[in-house]
Structure formats: C-alpha cells, structure tokens
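Colleague:
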Amino acid sequence: MLKYILKRIGMALLTLLIITFLLFFLVRIMPGNPFPSERMSAEQIANKRAEMGLDDPILTQFIRYMGNVLQGDFGKGTSLYNGAPIKTVLSTAISNSFRIGGVAIVLGTLVGLLLGITAALNKGKFLDGFCTVFSILGVCVPSYVFLIFLQYTFSFKIPFFPYFFDPNRFAFSAIIPSLSLSLFTMSTIARFTRNEMVEVFDSDYVRLAEAKGMFGRKLVLKHVLRNALIPIVTVLAPLVVDLLTGALVVEKIYGINGIGKLMVDAITGEGIDYNYVLALGILYSTLYIGIMLIVDLLYGVLDPRIRVSAKGKEA
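For the sequence shown, counting from 1, position 30 maps to 578 in the working numbering; every step adds exactly one.
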C-alpha cells in the first residue's frame, strides 16, 4: 500500500510540473501587453520587460520562475495592485475563497447526502419525487441566479444581510454566497446518492445481507451507503475545487475579494497581468491534482478490493 501511495504522489508531482510548464509557455505567448500601455511609454515598457527578464529564452525564464516559486515567491503584478507582491494579495484571496467555499462544501455535501438517502429510502414516494425535483432545479439554476434572488429577497426586500460582501462582518456576509454556491453541490450529491443507493439496494450482496436478517440503519451504513460513496467521492472532487477557488461570477457580483474575482481582474484589467494569471493557474492545477490524489487514496479506504489489488502488485 505504501508503494501505491508513493507512486500516486510521484505521478501527481510529475503531472503538476508538466502542467506548470505548459501554463508558463502559454501565458508567455498570449497576445496582449502585460503592462498598462496607456500609462507607460514604449521605452518604459521595454525597460520593464528587460528588468523582469521577459526577453530571455522561455526555458531560462521557466527555470528562474520555478526556483522562485519553490521559495514561495510568485513575483509581483504588472498591472494589478500597484505591483504588490502576488503572495500577499493571493493569501487574502485564498483565505476569503476557502472560507466561503469550505462552508458551501460542507453544507452542500451534508444536505445533499441527506436528501439523496431520503429519496432512496422512499423510492417512488412523495419524498423521492420532491428530492428529485429539487435536484433538477438545483442543477439547472446557475449559482449566480440564486445569489441574485437571495440578494433581492434578504438584502433588498428584507434588509437583513448586507447587499455586498463586507470583510469586517465576514461571517454574516458569507451566508448568502455560501448558500448560493452550495446549491449545485447539494443537488448533484443528492442526485448521485439517490441513484447509486437505489442501484446498490438492487445488488445481490444486499439481498444476501437481507436474507441473513440485516435490515434498517445497519444495512444502509454497512453495505449500501459505503458502496454508494465511491462514485459520489469522484463526483465531489471537481466540485470541491470549484468551490474552494470561488465561482467567478458569484465573487464578482457579490464583491468578494477572492480567487475567482482576482482571476477576472487579472484578465480584464488595463493589461493582462500574466504573473497573476500564471500564479492562479498553478493554484487551480495544484488544488485539482491534490484533491484527485486524495480521492485515489480514499478509494483504498472505501473499497477494500483496491487495497488487495495494490498489495498484489507489490508482491
């Protein structure tokens, strides 16, 4: 099992290195100007490019950049935040997005599992139909539409929550965006949980367990839910990345200084801020690869057959 884990970690690191190089190469050949050209002369831009080493060969730039990244230095912005260190700006954005996204993940997963289990245990009944309709609506309605509805209802008509994000009242301001972001996760998890549990209920090993006298909560927890969780974990992984990195439109509408808003600003500002685009691209890739690695390792916990297979390969 240890060899299996180390192999997965090695593959993840190699994949991240390749993706980082591709991102670096693509960002460098992107059209546009990384500097606010309206406020800088051609000579100033040329001097700035030489100062940042942007005229050096790409491989030389990449090696120098990776050396800095390994020390936690992502450089400085070329057009955003007056050239402030990216590490400082990014830490604030990550904190905001992760806290709001974390609440959305927990809320969406718990409520989604509850709805899915309820629907599966009441297959063909009213509760099953209600949960199914809710899941369809949750998947079809974009998060930002739900956000606007919550803003209009609980910030405008009933002025209880702030209309825009207020960092001085973080916990209070995070409720509306967390709810709006959790809707899609909630609906997706509910739908997959219901479908997987219904399929597992019809399997031979569950019928055998029932024939041996196992019913109720023990049957659901020991056999049905555990086996249904494997595909659910797979579906949840990319959703976690989306929520942790913030939905672009939701953060922009609600005025949250998070990762999503920072990415939009880096692309649509006076000049495309290549350094922010690259740093955020690496962050997205690291999160996605890291969470998929965790999912791979969780498979071994949820499905004993994977542990047996891994031991067989080691032997």
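Positions of the beta carbon are idealized from the N, C-alpha and C atoms, including for glycine.
From the DSSP output, read off the bridge partner residues of K624.
Modeller: Taking the sequence shown and counting its residues from 1, one reaches residue 624 at position 76. Partner(s): P633.
Colleague: Please report the Cβ distance between V812 and V575, rounded to the nearest whole angstrom; I am assuming they are in contact, meaning their Cβ atoms lie under 8 Å.
Modeller: The residue labelled residue 812 in the question sits at position 264 within the sequence shown. The residue labelled residue 575 in the question sits at position 27 within the sequence shown. Not quite, the Cβ-Cβ distance comes to about 16 Å (not below 8 Å), so this is no contact.
Colleague: If contact is defined by three or more beta carbon pairs under 8 Å, each pair taking one atom from either stretch, is the segment 673-693 in contact with the segment 605-623?
Modeller: Output reads no: the segment 673-693 does not touch the segment 605-623.
Colleague: Could you give the DSSP three-state label for K809: helix, strand or coil?
Modeller: Taking the first residue of the sequence shown as 1, we reach residue 809 at position 261. If DSSP states are grouped into helix, strand and coil, K809 belongs with the helices.
Colleague: Is there contact between the segment 838-846 and the segment 672-679, where contact requires at least three CB pairs shorter than 8 Å?
Modeller: Touching, no.
Colleague: G650 by DSSP, collapsed to three states: which one?
Modeller: On the sequence shown, residue 650 is found 102 positions in, with the first residue counted as 1. Reduced to three states, the DSSP call for G650 is helix.
Colleague: When you compare each of P786, M734 and I807 to L655 by their alpha carbons, which one comes out closest?
Modeller: One-based indexing of the sequence shown puts residue 655 at position 107. Selected option, being the one with the closest Cα: M734.
Colleague: Using C-beta distances below 6 Å, list every residue in its chain close to Y836, excluding the 5 sequence neighbours before and after it, in chain order.
Modeller: To locate residue 836, count along the sequence shown from 1; it is residue 288. Only V789 meet the Cβ criterion.
Colleague: Report the option in K809, G660, I606 and I648 whose CA atom is closest to the CA atom of T568.
Modeller: Along the sequence shown, one-based indexing puts residue 568 at 20. Taking only the C-alpha atoms, the option nearest T568 is I606.
Colleague: Taking 9 Å as the threshold (C-beta atoms), are S703 and Y711 in contact?
Modeller: One-based indexing of the sequence shown puts residue 711 at position 163. One-based indexing of the sequence shown puts residue 703 at position 155. Yes, the pair counts as a contact, with Cβ atoms nearer than the cut-off.
Colleague: For I724, which residues of its own chain have a beta-carbon under 6 Å away from its beta-carbon, when the five flanking residues on both sides are left out?
Modeller: Counting from one through the sequence shown, the residue named residue 724 turns up at place 176. Once the five neighbours on either side are set aside, the close Cβ partners of I724 are L698 and F709.
Colleague: Tell me, please, whether the segment 639-650 touches the segment 619-631 by the rule of three or more beta-carbon pairs shorter than 8 Å.
Modeller: Too few Cβ pairs lie closer than 8 Å, so no.
Colleague: Do T741 and I665 count as a contact pair if the criterion is CB distance below 9 Å?
Modeller: Position 117 of the sequence shown, counting from 1, holds the residue named residue 665. Position 193 of the sequence shown, counting from 1, holds the residue named residue 741. Yes, the pair counts as a contact, with Cβ atoms nearer than the cut-off.
Colleague: To the nearest angstrom, how far is the alpha carbon of G803 from that of G660?
Modeller: Taking the first residue of the sequence shown as 1, we reach residue 803 at position 255. Taking the first residue of the sequence shown as 1, we reach residue 660 at position 112. Spanning the two alpha carbons is a distance of roughly 27 Å.
Colleague: Give every residue of the same chain whose Cβ lies closer than 6 Å to the Cβ of I830, excluding the five residues on either side of it in the sequence, and list them in chain order.
Modeller: What you label residue 830 is simply residue 282 of the sequence shown in a count that begins at 1. Here the set comprises T568.
Colleague: How about I780 and E747: do their beta carbons lie closer than 9 Å?
Modeller: Translated into positions along the sequence shown, residue 780 becomes position 232. Translated into positions along the sequence shown, residue 747 becomes position 199. It is not a contact, given that the beta carbons lie outside the stated cut-off.
Colleague: Apart from the five residues just before and just after G623, which ones in its own chain have a Cβ nearer than 7 Å to its Cβ?
Modeller: Locating residue 623 in the sequence shown gives position 75, counting from the first residue. The residues are N616, I634 and N823.
Colleague: Would you mind reading off the limits of the alpha helix (DSSP H) that contains K551?
Modeller: Within the sequence shown, residue 551 is the residue found at index 3, counting from 1. Taken as a continuous stretch (DSSP letters only), the alpha helix (DSSP H) holding K551 covers L550 to R576.
Colleague: Determine the closest residue to F718 out of F646, R556, I696 and T608, with distance taken between C-alpha atoms.
Modeller: Within the sequence shown, the letter at position 170 stands for residue 718. Ranking the options by Cα distance to F718, first place goes to F646.
Colleague: Leaving out five residues before and five after D844 in sequence, what residues of the same chain have Cβ atoms less than 8 Å from its Cβ?
Modeller: Mapped onto the sequence shown, residue 844 falls at position 296. Excluding residues within five positions, the ones whose Cβ falls inside 8 Å are R556.
Colleague: Would you decide whether D821 is buried or exposed? Buried here means 16 or more other CB atoms lie within 10 Å of its CB.
Modeller: On the sequence shown, position 273 is the one that residue 821 refers to. It counts as buried.
Colleague: Under a three-way DSSP split, which group does N616 fall into?
Modeller: Translated into the one-based positions of the sequence shown, residue 616 becomes position 68. N616: helix per DSSP, three-state reduction.
Colleague: According to the neighbour-count rule (16 or more other Cβ atoms, all chains shown, within 10 Å of its Cβ), is L561 buried or exposed?
Modeller: Your numbering for residue 561 matches position 13 in the sequence shown. Counting Cβ neighbours within 10 Å, L561 comes out exposed, since fewer than 16 surround it.
Colleague: Mark A590 as exposed unless 16 or more other C-beta atoms lie within 10 angstroms of its C-beta, in which case mark it buried.
Modeller: Within the sequence shown, numbered from 1, the residue matching residue 590 stands at position 42. Burial call: exposed.
Colleague: Between which two residues does the alpha helix (DSSP H) harbouring V689 extend?
Modeller: Against the sequence shown, residue 689 aligns to sequence position 141. No alpha helix (DSSP H) contains V689, which DSSP labels as neither H nor E.
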